[in-house]
Amino acid sequence: MSLMTYGQAQWPQPGPITAWRTLELNASKPPFAGYWGFIPLVVRIDGFEHRPTWGPSQFTVPADRPVQVSCSMAWLWEFGRADYLLQPGEAPTLDYIAPAQQWVSGSLAPRGQAVIKGRGAQIAVYAVLAVVFIAILGILPLAYLMT
Numbered sequence: 015m016s017l018m019t020y021g022q023a024q025w026p027q028p029g030p031i032t033a034w035r036t037l038e039l040n041a042s043k044p045p046f047a048g049y050w051g052f053i054p055l056v057v058r059i060d061g062f063e064h065r066p067t068w069g070p071s072q073f074t075v076p077a078d079r080p081v082q083v084s085c086s087m088a089w090l091w092e093f094g095r096a097d098y099l100l101q102p103g104e105a106p107t108l109d110y111i112a113p114a115q116q117w118v119s120g121s122l123a124p125r126g127q128a129v130i131k132g133r134g135a136q137i138a139v140y141a142v143l144a145v146v147f148i149a150i151l152g153i154l155p156l157a158y159l160m161t
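In my numbering, the protein residues as written are 15 to 161.
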């Protein structure tokens with residue numbers, strides 16, 4: 015009996031890393047986002063997972079090749095994912111801003127270019143809650159007067 019083997023796809027193998035640099039990542043959450051500090055941040059750099067705290071973090075990455083950076087949040091599922099491909103000559107400073115709502119992506123961009131996503135949905139949810147609250151406050155005095 016002979017064994018049959020199938021060829022594996024051969025990807026270009028990167029050479030040894032010749033230079034390193036420090037990636038500075040500032041991760042933040044928008045105010046009144048509906049989730050609090052207990053939801054952990056997940057950072058993946060070239061597929062390797064890290065769990066830093068919110069705020070500034072530093073990672074050592076290769077300087078002579080592109081680096082894939084991905085940020086998200088993990089609670090019951092992963093949400094707010096944003097990806098960025100950091101090029102060799104690019105400044106290694108990135109900002110991640112978590113989304114205002116869970117069902118939209120986050121924003122990962124060079125320093126000062128990240129934006130808050132999902133702000134319109136957040137405002138709509140809070141407006142509906144405010145209308146319901148005001149309606150309840152308006153109905154309670156009427157019910158008291160009718161008795």
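Every residue gets a Cβ at the ideal spot worked out from N, C-alpha and C, and that includes glycine.
| Item | Value |
| --- | --- |
| Exposure of Gly29, with buried meaning 16 or more beta-carbon neighbours within 10 Å | exposed |
| Burial state of Leu151, where buried means 16 or more other Cβ atoms lie within 10 Å | exposed |
| Integer-rounded CB distance, given that Pro80 should sit under 8 Å from Leu55 | Not confirmed; about 22 Å, so no contact. |
| Unbroken stretches of the beta strand (DSSP E), 3 residues or longer, contained in the segment 47-132 | 55-59, 62-64, 69-76, 81-88, 92-100, 107-111 and 121-124 |
| Simplified DSSP assignment, three categories, for Ala33 | coil |
| Meets three-Cβ-pair contact criterion under 8 Å: the segment 56-66 and the segment 118-138 | no |
| Beta-carbon proximity list for Phe73, same chain, < 8 Å, skipping 5 on both sides | Thr36, Leu37, Leu39, Val57, Ile59 and His64 |
| Top-ranked residue by Cα proximity to Ile31, from Ala77, Val83, Phe52 and Thr67 | Ala77 |
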